[in-house]
Structure formats: C-alpha cells, structure tokens
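For the record, the sequence lines run as chains P and Y. Residue 357 in this note's numbering sits at position 343 of the first sequence, with consecutive numbering throughout. Residue 442 in this note's numbering sits at position 379 of the second sequence, with consecutive numbering throughout. Ideal Cβ placement from N, Cα and C applies to all residues, glycine included.
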Amino acid sequence: MTGLAFLILFVAVLFGYALNRMAASRIRAKGTRLHSLTRFHGMFAALLVGLPGFVVILFWLMAQGPLIDRSVMNGLPGGVLDGLEAGGVALVLAEIKSIASGQVFGTPEDWKLAAAETMTSRHASASLAMVVVIALMSAALLAFARSRVSQQFRARQGVERIVLGLMIFCSTIAIFTTIGIVLSLVFESIKFFRMVPLNEFLFGLRWEPQIAIRADQVAGQGVFGVLPVLLGSVLIMVIALVVAVPIGLFSAIYLSEFASPRTRNIVKPVLEILAGVPTIVYGFFAILVVAPFLRSSGAAAGLDVSPNTALAAGVVMAIMLIPFISSFSDDALSAVPRSLSDGSLALGATRGETMLKVLFPAAIPGIVGGVLLAVSRAIGETMIVVMAAGIIAKLTINPLDTVTTVTVQIVTLLIGDTEFDNPKTLAAFALGMLLFLVTLCINILALRIVRKYRELYD
Amino acid sequence: MTDIPPPSPSGTGFDWSSAEYREHVRKRRRSELWLRMAGIVSISLALGFLALMLVSLTVTGYKAFTQTHVTIDVPISAETVDAEDIFGSNWRRIIQGAVASQFPDLTGPALRAAGDILSDGAQFRVRDRVVADPSLIGTVVSFLVPVSDPFDQLNKGSIDRNTPESNRRVTDAQIAAFDTLVAQDRISTPFNWGMFTNADSRFPELAGLKGAFIGSFYLLLVCFAIALPVGIGAAIYLEEFAPKNRISDLIEVNINNLAAVPSVVFGLLALAVFLNWFGLTRGSPLVGGLTLALMSLPTIIIATRASLKAVPPSIREAALGVGASRQQVVFQHVLPLAMPGIMTGTIIAMAQAIGETAPLLLIGMNAFMTSAPSTPFDSATTLPTQIFIWADSPERGFVSRTSAAILVLLGILVMMNGMAIWLRRRFERKW
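See below:
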C-alpha cells in the first residue's frame with residue numbers, strides 16, 4: 015500500500031509537470047510573452063504536488079503504527095492488563111503484533127487473537143485511507159497548480175521560494191540533530207536520576223550495574239558511581255596521548271622542517287592511511303597482536319598483566335591518534351609566518367634551533383588545540399576500547415590492570431537489552447550525557463584556542 | 064637565538080677557533096642531529112605500526128581465502144530418500160552412509176569420529192542439490208563439500224600434529240582418516256567462494272559475508288540518498304544565500320560541533336528517536352543509514368562549501384550579468400563546476416560511514432543472522448558489525464575469517480578512496 019501511495023504521488027508529480035508546462039506552452043504559442051519559462055510552470059506544479067504528498071506519507075507512516083497500537087491496547091477487554099507493569103504490557107503488545115503478522119506460537123488467548131485481528135484490519139484500513147488521502151490531495155493540488163498558470167504568473171519566483179525553503183530546512187537539520195541528541199539524552203537521564211540520585215552517580219566510587227531484572231533473580235543491587243568508569247576513560251586517554259603526542263609532534267616537525275619534498279609527499283599520505291582505518295580494525299589488532307604481546311612480555315618480566323590491559327587499548331588508540339596530531343601540528347607549524355623563521359635563520363640559528371625556539375613556541379596554541387581535539391576523540395572512541403579494554407570498573411591507575419571506559423559501558427549496557435524502565439539501560443543515557451558534555455566542552459575550548467591563534471597571525 | 068659567547072677579554076675580537084667554541088658548535092650540531100633522529104624514529108614508528116598491522120592481518124587472514132574441501136561420493140538410493148518428501152528425508156543418515164562407504168574398515172565411534180571431518184553443512188548442500196534435481200535419486204553423486212573447521216586448520220598447518228593428542232582438537236584416528244582422504248586425492252583447497260556467497264553461520268567453514276555485504280550496501284544507499292541532497296542543500300544555503308546573522312552563525316557552529324560528537328552518542332540518539340519513538344525495525348539498514356547520514360552530514364557540508372567557495376566569483380558575476388537569477392546561477396553554473404569536489408568529499412564521507420561500528424551496535428545491527436536481508440527494512444548486519452561478531456566468536460576458524468573480513472573491508476576502503484583521488488585528479492581545475 016505504501017508503494018502504491020508513492021506510485022500515485024510520483025505519477026501525479028510527472029503529470030502535474032507535463033500538464034502545467036503544456037498549458038504554459040499553449041499560452042506562449044498564442045503569441046503572449048510569459049513571465050516565466052514554461053519549465054518553471056511545470057516545476058512549480060511538480061513541487062506543489064510532490065512535497066506535501068511526500069511529507070504526508072512520511073508522517074502517516076510514522077504515526078500509523080503507534081496510534082493503532084494504542085487504540086488496540088485501549089480496546090482490550092477490561093481486566094486482562096490488570097497487575098501488569100510497563101514491561102508486561104509491552105510483552106502483550108509484542109505478542110499481539112507477532113500474531114497479527116502471522117507468527118502464532120502455542121495457543122494464545124482468544125482476546126489476543128481478536129486484538130490481532132482488529133490490528134490487522136485497522137492497519138489495512140489505515141493504509142487504504144492513506145492512499146485515498148494522497149490521491150485526493152494530489153488531485154486537489156494538481157487542480158490548484160493548473161489554475162495558477164497564466165501569462166502573469168511568476169512561476170520562477172514560486173519555484174525559487176520553495177527551493178529556498180527546502181535548502182533552509184536542510185541546513186536546520188544539523189540543529190535538529192543537536193536538539194534531538196540533547197533531548198533524548200536529557201529525557202532518559204532524568205528518568206535515570208529519578209532512580210539514582212545525581213550525587214551518587216557523580217561521586218560514587220563503585221560501578222556495578224548488574225541488577226536483577228526479575229524479582230526472583232539473584233543479582234547485585236546495582237551501584238552507579240561513575241568515578242571508576244571515568245577514571246578508566248582518563249587513564250586510557252592519558253596512555254594514548256603520552257604515546258601519540260611525541261610521535262605525532264616529532265613526525266610533524268621532521269616533515270615540515272627537515273624532510274625533502276619527495277619524502278614528505280610519500281610519508282604524509284601514508285600517515286593519512288592510519289587515519290582512514292576503521293576503528294574496529296584497530297580493536298581487532300589490539301586483541302590479535304598487542305594484548306598477547308604485552309601479556310607475554312609482562313610474564314617474561316615477572317609482571318602480572320591482565321588480559322584486557324589499559325595499556326593495550328591506550329597504545330592502539332595512540333596509533334589511531336598519531337596522524338591526527340601530526341596533521342594538526344603540521345598545520346600549526348606551517349601557519350607560522352615565514353618571516354619569523356627567516357629572521358631566525360638569518361641570525362645564524364640552525365634549522366633545529368629555529369624549529370625549537372621560534373616556530374614551535376609560536377605554534378603551541380594551535381598544537382594545544384589539536385591535542386585537545388585528540389583528547390575528546392580518545393574519550394569518545396568506542397570500538398578500540400570495547401574490544402581491547404575490560405568491562406569491570408576498577409578504581410586504579412595501574413596501566414597493566416583492566417579498566418573500563420564510559421563508551422564501553424554505554425555499549426555493554428545497551429547491547430541486546432532495550433527495556434527502558436530499569437536503571438541499567440537508562441544509566442547508558444546518563445553516561446552518554448556525561449560523554450556528550452565533556453567532549454562538547456573540550457571541542458569548544460579547542461576550536462576557540464585554534465581560532466584565536468589563527469587571528470594572531472592573520 | 065644562538066648563545067653568542069662574550070667577546071674575549073683581550074679585545075682583539077672573538078677567537079672562533081678556540082676549543083671552547085668548537086665544543087659549543089659541536090653541541091649545537093649534536094642537538095640538531097637529535098631532533099632529526101627523533102623525527103625519523105617517530106615516523107618509522109608510525110609507519111612500522113601501520114606495516115605491523117597490515118602484515119599481522121594478512122598473515123592471519125590469507126588462509127581464510129581458501130577453504131579445504133573434500134570430494135565425497137554420496138549414494139542417493141531410493142530407499143533412503145523419500146521421493147514424496149525429498150526435503151524432509153534423513154540427510155544426516157545419508158551422509159553417514161556416504162562416510163561409511165568411504166571408510167569401509169571403520170565402525171561405531173571411530174566411524175562417527177571420521178564423519179566429523181565433513182562440515183555440518185554438507186548434508187544441506189547435498190539435500191539442496193537433490194531437491195533441485197530429483198533425477199539424481201538412485202545414482203551415486205560426487206560432491207565437493209567443505210571440511211569442518213578443525214580439519215581445515217589441520218590441512219592448513221595451523222594444528223601441529225606433534226602436540227599431544229589430548230591438547231589437540233583432532234584425534235590421532237581422525238588424522239589417520241584425513242590422511243587416507245589426502246592419499247586418495249580427495250582433499251583440495253580451492254578459493255573460498257563461500258566467504259562471499261554464504262551468509263553468517265555458527266560454523267566457521269560455512270560462514271560468509273553475503274549478508275554483511277548486502278546490509279552494508281543498503282545502509283550506504285540509505286545514507287547516500289539522505290546525506291547527499293540534504294548536505295548539498297544545506298551547504299548551498301549557507302554558502303550562497305544565508306544572510307550573515309546570528310542564526311546562520313549558530314547553524315555553522317552547530318555543524319562544526321556535530322562533526323566532533325563521539326559516534327556512540329549518535330547511536331544513543333538513534334536508539335531513543337528512530338527505534339523507541341518512531342518504532343522503526345531494530346537492526347535494519349534503514350535505521351543504520353539514517354544514523355550514519357546524520358553523522359556524515361557535517362563532512363559533506365564542509366566539503367561542499369569548500370568546493371563552492373573554490374568556484375571563482377567571475378563565473379557568478381558573468382551569469383548574473385546576462386540575467387540569470389541567483390538560484391539559476393548556483394544550480395546551472397556554480398554547482399556543476401563544484402560537483403567533482405562535492406563527489407570527492409561525499410565518497411570520503413561514505414568511506415568513513417562504511418567502517419563505522421559503534422552506533423550500529425546500539426541499534427542492534429550485531430545480531431546473528433543466517434540469511435541476507437532482502438530489503439533495507441529487514442534486520443541485517445554490516446561488514447564492520449560482522450567483523451565484531453566474528454572477533455567475539457570463540458572458534459579458532461573465526462580468527463582468520465575476521466582478519467580476512469577486515470582485509471575485504473580495507474580493500475573496499477582503498478577502492479573508494481582511490482576513486483575519490485582519481486576524481487580529484489581527473490576533474491580538479493585551477494582557476
């Protein structure tokens with residue numbers, strides 16, 4: 015049915031275009047000079063018919079399912095849902111849905127079968143109604159668009175207004191996305207903080223999200239103190255930066271000051287390859303090569319190395335960050351005005367001295383901005399730590415121990431479990447909120463530093 | 064900048080040849096050398112990591128591109144195959160019969176152990192062939208079927224025959240049976256087409272990437288179909304039409320910040336909005352594509368704006384001069400000239416999207432799927448989530464398959480980036 019609706023709309027759009035264009039051509043054939051070209055008359059009709067129809071279909075499809083679900087659940091015979099919690103009601107709904115789609119397991123109660131039948135019939139009638147509405151609406155808009163065709167009609171302006179509106183809509187999608195992120199995080203986090211107090215979350219020293227889902231299950235109480243998780247993120251980030259910053263920085267210094275153009279042209283793109291490798295590849299590399307290597311060399315040195323060390327995750331993350339830091343430092347170094355380095359060289363300083371005592375200090379704000387962006391990347395990076403770091407939160411700064419991170423917890427809390435009524439899943443959104451705020455602050459700070467520094471020399 | 068020593072007390076000028084000064088110069092040169100060495104060491108480390116990664120993935124992965132097969136004669140007799148219900152016949156027993164006739168001198172547990180050489184999928188392969196062609200009933204058909212994972216490892220040398228039997232996944236008797244097959248020239252190691260034509264499976268020898276390929280394709284299709292028009296529309300508005308006011312500034316800052324939001328947060332957004340609010344199908348390429356479209360929007364917008372900016376103003380002025388409207392200028396002159404740059408940026412954004420994993424885990428694209436999705440609205444896996452599933456699987460055969468899948472993914476990325484570079488080289492214009 016949806017396909018039929020789209021087909022009707024598509025035909026109406028084509029028909030409207032042809033109809034108006036031919037009508038305009040006929041006027042022109044009579045010798046009158048049109049205000050707009052004939053194809054603008056056609057496009058005007060096409061946009062006028064197509065856009066509202068498209069929007070109506072999308073909204074209809076979005077609203078149809080939930081509305082019918084609600085009406086079916088409200089129409090259930092009294093008493094069958096008594097004593098059920100939100101999860102239980104959702105289960106009943108899911109069962110009715112699967113019966114309606116033809117998958118019957120066992121022998122469901124009669125009222126469920128009846129509800130499934132109601133659901134099927136309502137879906138059918140809703141789809142039919144959508145097709146009818148689309149057909150009627152298209153016809154009405156076609157007629158309206160056709161009535162507008164005249165010698166004076168400013169079709170081009172009409173088309174351009176619609177197109178401009180579309181473009182404005184496109185550019186606001188970025189804002190809607192941000193609003194969507196903030197709202198979804200805030201709403202779920204508020205639900206979470208109703209169950210777990212905010213100060214317990216922010217200052218708690220234990221993170222044990224394993225809670226009983228059923229009443230009779232044996233499990234922990236669930237403690238949600240974010241500090242150990244946050245410390246894990248910070249530990250891995252620090253390890254990554256300790257490795258990546260010197261390597262990235264010295265690479266950038268060498269490439270921008272000492273390397274021959276040929277070396278530079280080869281090495282730079284190869285370094286960029288590191289930036290294009292998907293993070294899951296780094297994650298697998300960590301568990302395939304780095305972690306076993308650390309474990310065996312730790313055993314050889316008599317150290318106790320856990321299988322999911324923070325060190326392995328940090329080192330592999332560092333590899334990912336090297337091209338990031340080196341290209342940022344390179345940009346910052348080459349943005350320093352030439353007159354500075356020329357002056358230093360003319361005074362007899364070597365290239366190295368010029369670099370260390372003139373260029374580098376001048377480029378420090380840009381480099382710091384780049385490092386800050388790398389910090390926010392390292393904290394937000396997910397796949398490497400999901401694969402290489404652990405899931406048990408420990409309050410430790412020992413790089414050979416296992417730690418967990420904010421992103422790991424988000425993923426592990428949400429994989430395979432989407433019941434939104436227990437603190438375990440909602441905790442992921444609280445963590446997401448924290449992650450979003452922290453990275454946002456770092457990014458804004460970094461961008462501000464970079465911009466301020468650019469103004470310095472512009 | 065250099066430390067110039069004070070003039071010598073005699074007042075006759077500075078003694079450039081003094082031992083003290085020579086030592087000073089030597090120190091300066093040495094620190095210069097240190098800086099150079101540090102740079103070279105850093106670059107070699109970075110390149111070394113890259114090489115180590117590629118080499119280790121290739122070394123573990125290349126074996127998965129071949130798969131050990133065994134040629135086995137299966138007697139399809141009319142007694143064992145129910146002509147009325149070919150599909151429902153006891154195919155397991157038929158395969159066991161084939162193994163028994165292959166090893167006439169084995170019985171009981173020894174025969175069952177030898178039967179483990181064949182993959183569990185062998186019976187389905189035979190079944191499907193006979194269902195497709197019932198005239199085979201009553202004949203002896205020779206089939207090329209994969210061997211199970213331990214014997215694949217054995218054949219490829221990953222299992223050491225010298226380890227004690229208790230530490231090995233194959234027994235001495237099984238090795239003997241396998242060697243008999245080798246001696247009969249029944250074992251072959253052809254290219255592993257199953258890797259590309261099978262969907263996922265619990266058995267490494269049967270697992271393939273078909274579902275992941277199709278899932279990734281649909282996902283990219285949705286992502287492309289949304290991100291490209293929206294990105295171009297937004298970029299054109301911001302670059303060509305937007306008035307310089309606080310709202311356009313806000314949009315701009317927003318886009319820049321969105322580009323730096325961690326990908327997992329987009330997963331949370333998709334989970335809360337697309338799955339819970341709109342009720343779209345969990346794990347479908349549609350949801351994944353929508354999510355990744357939002358993620359790649361900033362990249363596309365930034366690339367499009369850069370290439371619009373690169374079109375010289377003389378083009379715009381000339382078009383305006385002959386009476387084109389501002390939109391006609393943009394859509395008929397500026398945009399076509401900017402198109403190569405836009406396509407380059409879009410391909411790079413798509414290459415990022417195809418390797419993105421974290422948000423897809425949150426919307427459930429890491430479910431175990433034994434069939435490829437038929438539409439973008441069905442649950443599916445994608446290449447990176449398939450890699451994640453395989454990397455988590457305990458069977459040893461999946462280690463090399465994970466590496467192989469990563470090599471395939473990297474190959475696709477190299478192709479996409481190569482295409483972007485080619486586009487840039489071919490169509491780049493200097494004004």
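- Item | Residues in the segment 368 to 402 of chain Y having any Cβ partner in chain P nearer than 7 angstroms | Of all residues in the segment 368 to 402 of chain Y, the ones placed with a Cβ closer than 7 angstroms to any Cβ belonging to chain P are S388, Q390, in chain order.
- Query: Since Y/H132 contacts Y/S205 with CB under 8 angstroms, what's their CB separation in whole angstroms?
  - Reply: About 12 angstroms separates the two Cβ atoms, so there is no contact after all.
- Distance, Cα to Cα, P/M15 vs P/I71? 11 angstroms
- Give every residue of the same chain whose Cβ lies closer than 8 angstroms to the Cβ of Y/L486, excluding the five residues on either side of it in the sequence, and list them in chain order. P403, M406, T407, I410
- Message: With the cut-off set at 8 angstroms, would you say P/Y296 and Y/S105 are in Cβ contact?
- Response: no
- Does the distance from the CB of P/L33 to the CB of P/F68 come in under 8 angstroms? no
- In whole angstroms, what separates the C-alpha of P/P379 from that of Y/N320? 20 angstroms
- Residue span of the alpha helix (DSSP H) that contains Y/P403, given as start and end: 398 to 417
- Message: Would Y/V350 pass as an interface residue toward chain P - the criterion being a Cβ-Cβ separation below 8 angstroms?
- Response: no
- Item | Residues of its chain near Y/K273, where Cβ-Cβ distance is below 8 angstroms and the 5 sequence neighbours each way are ignored | F259, T260, N261, A262, A435
- Task: Go ahead and pull the three-state DSSP assignment for Y/H132.
- Result: Three-state result, Y/H132: strand.
- Does the ligand PLP have even one heavy atom less than 7 angstroms from the beta-carbon of P/Q423? Although the ligand PLP was asked about, the structure shown includes no ligands whatsoever.
- Message: Tell me the residue span of the beta strand (DSSP E) that contains Y/F394.
- Response: Premise fails: Y/F394 is in no beta strand (DSSP E) and is neither H nor E.
- Are P/S198 and P/I393 closer than 8 angstroms when you measure CB to CB? Taking a C-beta distance under 8 angstroms as the contact criterion, P/S198 and P/I393 do not qualify as a contact pair.
- Message: If contact is defined by three or more beta carbon pairs under 8 angstroms, each pair taking one atom from either stretch, is the segment 169 to 178 of chain Y in contact with the segment 233 to 240 of chain Y?
- Response: yes
- Closer than 8 angstroms, Cβ to Cβ, to anything on chain P: give me those residues from the segment 466 to 481 of chain Y, in chain order. S466, I469, L472, L473, L476, N480
- Item | chain Y contact residues for P/N457, given Cβ-Cβ distances below 7 angstroms | N320, A323
- Item | Backbone secondary structure at Y/L442 - three-state DSSP | Correcting the residue identity first, residue 442 of chain Y is Ser in this sequence and not Leu. It is coil, neither helix nor strand.
- Message: Assuming P/V86 and P/V27 are in contact, meaning their beta carbons sit under 8 angstroms apart, how far apart are those beta carbons, in whole angstroms?
- Response: The Cβ separation is near 35 angstroms, so there is no contact.
- Message: Restricting to runs no shorter than 3 residues, where is the beta strand (DSSP E) found entirely within the segment 442 to 490 of chain Y?
- Response: none
- Query: Is it the case that the Cβ atoms of Y/Y300 and P/I182 are separated by a distance below 8 angstroms?
  - Reply: yes
- Residues bridged to P/E222 by DSSP? Answer by DSSP bridge pairing, in chain order: P/V237.
- Which residues does DSSP pair with Y/S251 in a beta bridge? Y/H132
- Taking a Cβ distance cut-off of 9 angstroms, strictly less, list which residues of the segment 163 to 176 of chain P are near chain Y, in chain order. R170, Q171, V173, E174
- Task: State whether the segment 285 to 296 of chain P contacts the segment 441 to 459 of chain Y, with contact taken as three or more CB pairs (one from each stretch) at a distance under 8 angstroms.
- Result: yes
- Message: So P/V210 and P/W221 are supposed to be a Cβ contact under 8 angstroms. How far apart are they, rounded?
- Response: The pair is not a contact, with the Cβ atoms about 11 angstroms apart (cut-off 8 angstroms).
- Item | Limits of the unbroken alpha helix (DSSP H) element including Y/P292 | 273 to 299
- Between P/A377 and P/A402, is the Cβ-Cβ spacing less than 8 angstroms? no
- Item | Against chain Y: residues of the segment 412 to 431 of chain P by CB proximity under 8 angstroms | T421, I424, V425, L428, I429, G430
- Item | Same chain, Cβ closer than 7 angstroms to Y/L343, neighbours up to 5 away in sequence not counted | Excluding the 5 residues flanking it on each side, Y/L343 has same chain C-beta neighbours closer than 7 angstroms at F337, L349, V350, in chain order.
- Message: If you reduce the DSSP assignment to three classes, tell me which class P/V252 lands in.
- Response: helix
- Task: From the DSSP output, read off the bridge partner residues of P/T323.
- Result: P/T416
- Task: Please go through the same chain and pick out, in chain order, the residues whose beta-carbon is closer than 6 angstroms to the beta-carbon of P/G383, but skip the five residues on each side of it.
- Result: A460, I463, V464
- Under 8 angstroms by Cβ, that's how I've got Y/N255 and Y/A127 pegged, so tell me the actual separation to the nearest angstrom. 6 angstroms
- Task: Can you grab the Cα-Cα spacing for the pair Y/M64 / P/V200, in whole Å?
- Result: The pLDDT assigned to Y/M64 is 48, lower than 50, so where the model puts this residue is not dependable; a value taken from the coordinates is nonetheless given after this. If you take the alpha carbons of Y/M64 and P/V200, they lie about 54 angstroms apart.
- Task: Look at P/T194 and Y/L332 and say whether their C-beta atoms are less than 8 angstroms apart.
- Result: According to the sequence shown, residue 194 of chain P is Gly rather than Thr. Y/L332 is positioned such that its CB atom lies closer than 8 angstroms to that of P/G194.
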